[in-house]
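Novice: Just so you know, the sequences run in chain order A and B.
Going by full-length UniProt numbering, the first sequence wraps up at 486, each residue one higher than the last.
Going by full-length UniProt numbering, the second sequence wraps up at 486, each residue one higher than the last.
All residues carry an ideal CB built from backbone N, CA and C; glycine is no exception.
Only a predicted model underlies this, so the values are computations on that prediction, with no experimental measurement involved.
Provided herewith is a single structure, encoded as structure tokens, for subsequent inquiry.
Protein chains: 2
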Amino acid sequence: MPIPPEAFILDRSAAIPLQLQLRRQIIGAVIAGRFRPGEKLPSIRALAGHLGVARVTVAQAFAELVATDYLTSRDRSGHYISEGIELGPEAGPPAPQAARFDWGQRLDGRFAQAQRRDRVRDWRRFRFPFVYGQADPELVDHAAWRDCAVRALGRREFASLTGDLYGEDDPELIDYIARHILTRRGIRARPEGILLTLGAQNALWLISQVLLGPGRRCAIEDPCYPGLREILAHSGAAVHPVAVDAQGLPPDAIPAGVSAVFTTASHQCPTNTTMPLPRRRALLARALQDGFALIEDDYEFELSFAGATSPALKAIDQSGAVIYVGSFSKSVFPGLRLGYVVADPGFVAEARALRGLSLRHPPGHMQRTLAHFLSLGHHDAQMKRMRRGYGERRAVMLEAIGQEGLDLARDGATGGSSFWLASPVPARALAQTLRARDVLIEPGWPFFADPARGDGFFRLAYSSISAARIPEGIRRIATAIREARA
Amino acid sequence: MPIPPEAFILDRSAAIPLQLQLRRQIIGAVIAGRFRPGEKLPSIRALAGHLGVARVTVAQAFAELVATDYLTSRDRSGHYISEGIELGPEAGPPAPQAARFDWGQRLDGRFAQAQRRDRVRDWRRFRFPFVYGQADPELVDHAAWRDCAVRALGRREFASLTGDLYGEDDPELIDYIARHILTRRGIRARPEGILLTLGAQNALWLISQVLLGPGRRCAIEDPCYPGLREILAHSGAAVHPVAVDAQGLPPDAIPAGVSAVFTTASHQCPTNTTMPLPRRRALLARALQDGFALIEDDYEFELSFAGATSPALKAIDQSGAVIYVGSFSKSVFPGLRLGYVVADPGFVAEARALRGLSLRHPPGHMQRTLAHFLSLGHHDAQMKRMRRGYGERRAVMLEAIGQEGLDLARDGATGGSSFWLASPVPARALAQTLRARDVLIEPGWPFFADPARGDGFFRLAYSSISAARIPEGIRRIATAIREARA
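Right, dumping it as structure tokens:
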């Protein structure tokens with residue numbers, strides 16, 4: 001008995017093309033067993049008429065399904081669900097009386113507990129999203145990335161796209177990072193001193209697993225990047241937060257006996273201060289003297305507005321104590337999930353082995369696409385565009401912040417994509433209030449070892465909000481603060 | 001003083017287009033400081049003449065570099081290196097007398113030691129590569145993947161391509177896996193019971209980190225997937241290898257007090273045996289009785305040749321004790337780096353949190369591309385093609401193995417992409433000999449808890465060698481064995 005045209009429905013409001021919808025619907029019905037092998041489909045004419053689409057749309061959908069063996073076409077008599085298709089065994093739902101495995105007593109929830117709960121996944125729906133670290137369609141050169149990705153999909157690149165690279169990285173990408181990206185930070189590195197990672201998060205995770213563990217001690221900046229504190233909480237090592245001042249991490253405040261110190265010297269997260277050269281030298285001297293590894297997270301160095309960025313710690317380190325962490329999440333886009341570690345080859349070999357154990361390697365296609373994006377100059381062009389765009393927004397932010405009398409917690413920020421503000425009212429409650437008014441801000445608590453201290457601060461990022469909306473957004477924040485104080 | 005045409009050289013033998021070579025050369029020279037801001041380039045006519053290329057080639061390269069701000073074009077007087085370009089600070093090489101940080105005493109090499117040293121990275125150069133787990137251009141639908149990737153690069157998909165997804169997975173992909181892939185294995189799962197991973201390797205790593213640790217015990221099959229043993233060696237847990245028989249893992253041989261048992265029930269790795277239904281039920285009963293989690297690595301289930309594949313353990317498990325691991329490395333290609341875990345939502349939440357800590361999420365673009373590849377039926381078509389291709393090669397393998405009198409260690413393998421053979425001579429030495437004769441085989445030692453036992457076996461995979469070359473390859477193996485015995 002033939003399948004009636006009424007069995008088909010298309011959703012014209014959906015973003016998915018109608019031809020594609022039709023194909024998915026047929027494949028889905030076959031696998032679900034609603035359409036059975038041998039059943040005849042409506043004629044192209046009848047189905048097109050019922051759906052109100054061009055015949056060619058239905059014809060193309062059928063042709064594609066014949067090509068993929070879902071349908072069989074018999075001359076003159078039309079299209080049929082193929083006989084050959086194997087359908088999955090239907091597993092009944094678990095019998096209610098079946099004994100259940102007790103997961104509760106086997107999971108201590110230590111990982112889930114560490115997760116931040118304050119992230120707003122649907123931030124795009126807000127009119128004034130002062131959110132940090134998301135991509136902005138206005139600034140990302142989507143077309144250029146697409147061109148590079150298509151190039152990386154070429155026949156010639158089959159191996160880099162499809163192969164299991166074991167522990168290897170894309171040599172073209174490593175070479176480019178070494179010769180073009182790192183030289184701009186004054187860093188000299190050979191390929192065996194560079195490891196690709198799945199973004200900075202993965203880099204910091206690998207570093208903590210290699211260097212730290214039960215019985216070890218490490219120091220971090222306070223406040224600092226929350227993801228780092230989460231990672232270290234699971235390393236088993238004792239973590240010592242060191243309060244930063246106007247020059248960033250004070251070397252003298254680092255406790256004795258630590259084996260690793262994590263810093264964001266060029267651009268402290270989240271306060272945006274830059275560590276002056278003398279303090280950098282003091283920090284390096286301390287590392288060599290105490291024998292601790294110095295992990296430099298050099299995020300957002302590309303976004304400096306104060307002329308030339310100060311050289312990286314890694315650039316002035318002659319001892320090899322510095323492990324440098326770079327990322328393309330800010331300069332290309334976060335969904336790329338590519339970052340890198342530059343360190344002593346012996347350390348890199350260990351981190352590479354751990355990367356291999358835990359995930360093998362970042363997808364080859366993403367690596368090769370990025371290599372093209374860099375080598376064709378698109379990355380540099382995008383950096384320029386971002387600096388221009390962020391610079392403009394930054395000026396608008398500063399003016400609005402001044403007009404509304406908000407309190408910049410730190411002056412002299414060299415750049416980046418956010419401001420760090422002092423909040424005269426509890427920032428967590430403030431964020432809640434503002435969310436109901438279409439405004440997203442980042443309360444300070446996740447950045448601090450003691451969340452209570454963080455309630456006096458909040459971060460305003462301008463990487464995903466257009467300049468035009470900034471003044472009104474700042475106005476709403478100031479109003480909410482005034483109301484909370486009244 | 002203008003830059004002379006002689007400053008430019010093109011490599012006509014290189015795979016890189018000449019126009020692209022020219023652009024890279026100019027960008028490289030600018031960043032290296034060889035070309036300085038304000039310097040004038042040769043005229044298009046002069047440079048094209050010197051390089052012996054069409055003027056349009058040079059003109060296009062210049063135009064692209066003007067667009068990306070490397071060059072400035074002044075009417076009538078030609079092209080100049082842009083003034084605006086910031087150049088990286090030049091860091092001198094480390095002073096020889098500088099004190100060096102002592103990495104040796106800080107690295108115990110525990111990860112690097114676990115790495116397999118037997119992998120042949122340049123396997124493509126061998127005429128008879130019986131290597132396992134690499135992509136085959138004959139069987140992978142490169143064009144279809146490319147189409148799906150381009151679709152996933154569309155404007156409409158900007159968010160899925162570029163955004164930081166935090167802990168989330170692509171809903172379209174998860175939905176497809178749940179409704180189409182898992183139903184074929186008889187598995188019912190809701191989205192909260194599914195977690196995307198960077199391939200099966202990453203899935204097994206996450207599982208071991210969540211379930212195991214110092215003080216815990218687990219059991220694995222012997223022989224088993226070497227990557228799993230490497231992962232467990234770093235979990236801190238005690239690992240008990242259980243020898244498999246002709247029916248796979250014997251439940252009665254599992255020691256008491258283990259909290260996790262890893263199995264490849266449908267298709268034992270590397271022996272290719274399939275666990276019969278009665279033993280599966282016995283294994284599940286044992287899991288519930290002893291309270292251990294049962295981790296089912298269901299690799300290559302798509303490649304069964306013996307009619308319908310037997311249902312997964314997860315499909316007949318009503319207790320929820322089974323953690324199911326699937327991967328697209330074999331059915332799409334390994335470079336994709338995408339796999340998944342299906343388990344109790346409580347467990348998935350923990351594993352998701354750990355994934356977030358260690359790498360955030362697999363790149364959104366790869367997720368969305370795969371979603372298209374699956375939903376458009378390309379994955380099913382490729383499976384068909386692979387089954388056909390592997391089936392053909394398998395027949396050729398069986399005939400050649402019979403003719404040459406090689407010894408199949410296991411009969412009745414239901415499929416897959418390899419054979420497991422008994423070696424009458426030390427397999428490790430045999431592999432060395434054959435490598436010099438353009439033949440790659442996998443010696444058995446990495447699969448065994450006791451490498452010495454493994455020297456009596458080797459694996460022959462046919463996933464990356466064409467049917468035409470198989471007979472000669474097998475002949476060479478048989479010859480080498482005869483010579484070694486003589």
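Quick check on DSSP: helix, strand or coil for residue 95 of chain A?
Specialist: Residue confidence for residue 95 of chain A is low, a pLDDT of 41 falling below 50, so the modelled location carries little weight; the figure read from the coordinates is stated next. Here residue 95 of chain A sits in coil by DSSP.
Novice: When the Cα atoms are used, what is the spatial distance from residue 417 of chain B to residue 270 of chain B?
Specialist: About 10 Å.
Novice: Alpha carbon to alpha carbon, what distance is there between residue 119 of chain B and residue 402 of chain B?
Specialist: The straight-line gap from Cα to Cα measures roughly 28 Å.
Novice: Please confirm whether residue 239 of chain B has its beta-carbon closer than 8 Å to some beta-carbon of chain E.
Specialist: In the displayed structure, chain E is absent; the protein chains listed are A and B.
Novice: Scan the segment 133-167 of chain A for residues whose Cβ lies nearer than 8 Å to a Cβ of chain B and list them as they occur along the chain.
Specialist: Those residues of the segment 133-167 of chain A that come within reach of chain B (Cβ to Cβ, closer than 8 Å) are 133, 134, 135, 137, 140, 142, 145, 146, 149, 150, 153, 155, 156, 158, 159, 160, 161, 162, 163, 164, 165, 166 and 167.
Novice: Taking DSSP as the reference, what is the three-state secondary structure of residue 238 of chain A?
Specialist: Correct three-state label for residue 238 of chain A: strand.
Novice: Less than 6 Å between C-beta atoms, sequence neighbours within five positions excluded: which residues of the same chain meet that for residue 48 of chain B?
Specialist: So the qualifying residues of the chain are 55 and 58.
Novice: Cα separation between residue 404 of chain A and residue 478 of chain A?
Specialist: If you take the alpha carbons of residue 404 of chain A and residue 478 of chain A, they lie about 6 Å apart.
Novice: Enumerate in chain order the residues of its own chain whose CB-to-CB distance from residue 39 of chain A is below 6 Å, with the five nearest sequence positions on each side excluded.
Specialist: 3 and 81, listed in sequence order.
Novice: Could you check what DSSP says for residue 218 of chain A in three-state terms: helix, strand or coil?
Specialist: Strand at residue 218 of chain A.
Novice: Let me know if residue 215 of chain A comes out buried or exposed under the rule of 16 or more other beta-carbons within 10 Å of its beta-carbon.
Specialist: It is exposed - the Cβ of residue 215 of chain A has fewer than 16 other Cβ atoms within 10 Å.
Novice: So is residue 337 of chain B buried or exposed if we call it buried at 16+ other beta carbons inside 10 Å?
Specialist: That one is buried.
Novice: Could you tell me whether the Cβ of residue 445 of chain B comes closer than 8 Å to any Cβ of chain A?
Specialist: Closer than 8 Å: no.
Novice: Can a CB atom of chain B be found closer than 8 Å to the CB of residue 79 of chain A?
Specialist: No, residue 79 of chain A does not count as interfacial toward chain B.
Novice: Measure the Cβ-Cβ separation of residue 360 of chain A and residue 201 of chain B and say whether it is below 8 Å.
Specialist: A contact, by the Cβ cut-off of 8 Å.
Novice: Which term fits residue 398 of chain B, buried or exposed, when burial requires 16 or more other beta carbons within 10 angstroms of its beta carbon?
Specialist: So residue 398 of chain B counts as exposed.
Novice: Drop a sphere of 10 angstroms on the beta-carbon of residue 409 of chain A, count the other beta-carbons inside from all chains shown, and report buried for 16 or more, exposed for fewer.
Specialist: When all chains shown are included, residue 409 of chain A counts as buried.
Novice: So if I threshold CB-CB distances at 7 Å, which residues from the segment 222-250 of chain A count as touching chain B?
Specialist: For the segment 222-250 of chain A, which is checked against every Cβ of chain B, the residues closer than 7 Å are 230, 231 and 234.
Novice: Please list, in chain order, the chain B residues whose beta carbon lies closer than 8 Å to that of residue 205 of chain A.
Specialist: The contacting residues are 357, 358 and 359.
Novice: Indicate whether residue 195 of chain B and residue 351 of chain B have their beta-carbon atoms separated by less than 8 Å.
Specialist: Yes.
Novice: Find the nearest neighbour of residue 230 of chain B within the set B/31, B/209 and B/70, judged by alpha-carbon distance.
Specialist: Checking every option, the nearest Cα to that of residue 230 of chain B belongs to B/209.
Novice: Helix, strand or coil: which one does DSSP assign to residue 22 of chain A?
Specialist: Residue 22 of chain A: helix per DSSP, three-state reduction.
Novice: Can you pull the chain B neighbours of residue 319 of chain A, defined as C-beta to C-beta under 7 Å?
Specialist: Within 7 Å Cβ-Cβ: 98, 99, 100 and 101.
Novice: Between the Cα of residue 374 of chain A and the Cα atoms of B/257, B/199, B/24 and B/486, which residue gives the shortest distance?
Specialist: Looking at the Cα atoms, B/24 is the closest of the given residues.
Novice: So which residues on chain B does residue 201 of chain A lean against when the C-beta distance must stay under 9 Å?
Specialist: Neighbours of residue 201 of chain A on chain B, chain order: 356, 357, 358, 359 and 360.
Novice: Name the one or two DSSP bridge partners that residue 339 of chain B has.
Specialist: DSSP output for residue 339 of chain B lists B/197 and B/327 as bridge partner(s).
Novice: Measure the C-alpha to C-alpha separation of residue 9 of chain B and residue 108 of chain B and round it to an integer number of angstroms.
Specialist: Near 47 Å, if we compare the C-alpha coordinates of residue 108 of chain B and residue 9 of chain B.
Novice: Can you tell me which residues form a DSSP beta bridge with residue 79 of chain B?
Specialist: Answer by DSSP bridge pairing, in chain order: B/73.
Novice: I'd like to know whether the C-beta of residue 491 of chain B is nearer than 8 Å to at least one C-beta of chain A.
Specialist: What the structure shows of chain B is the stretch from 1 to 486, and residue 491 of chain B is not part of that stretch, so it cannot be assessed.
Novice: Taking only three categories from DSSP, how would you classify residue 262 of chain B?
Specialist: In this structure, residue 262 of chain B counts as strand in the three-state DSSP scheme.
Novice: Shorter than 8 Å from the beta carbon of residue 288 of chain B to some beta carbon of chain A?
Specialist: For residue 288 of chain B, the answer is yes, since a Cβ of chain A falls inside 8 Å of its Cβ.
Novice: Is it right to say residue 488 of chain A is buried, meaning 16 or more other beta carbons lie within 10 angstroms of its own, or is it exposed?
Specialist: The structure shown does not extend to residue 488 of chain A, since chain A spans only 1 to 486, so no value can be given for it.
Novice: Leaving out five residues on either side along the sequence, give the residues of the same chain with a beta carbon under 6 Å from the beta carbon of residue 203 of chain A.
Specialist: The residues are 197, 325, 339 and 341.
Novice: Any contact of the segment 362-371 of chain B with the segment 156-170 of chain B, i.e. 3+ C-beta pairs under 8 Å?
Specialist: In short, these stretches touch, since the Cβ pair count reaches three.
Novice: Expressed to the nearest angstrom, what Euclidean distance is found between the alpha-carbon atoms of residue 35 of chain A and residue 211 of chain B?
Specialist: Computed Cα separation, rounded: 42 Å.
Novice: Which stretch, first to last residue, makes up the beta strand (DSSP E) that contains residue 459 of chain A?
Specialist: Note, residue 459 of chain A: beta strand (DSSP E), 457-461.
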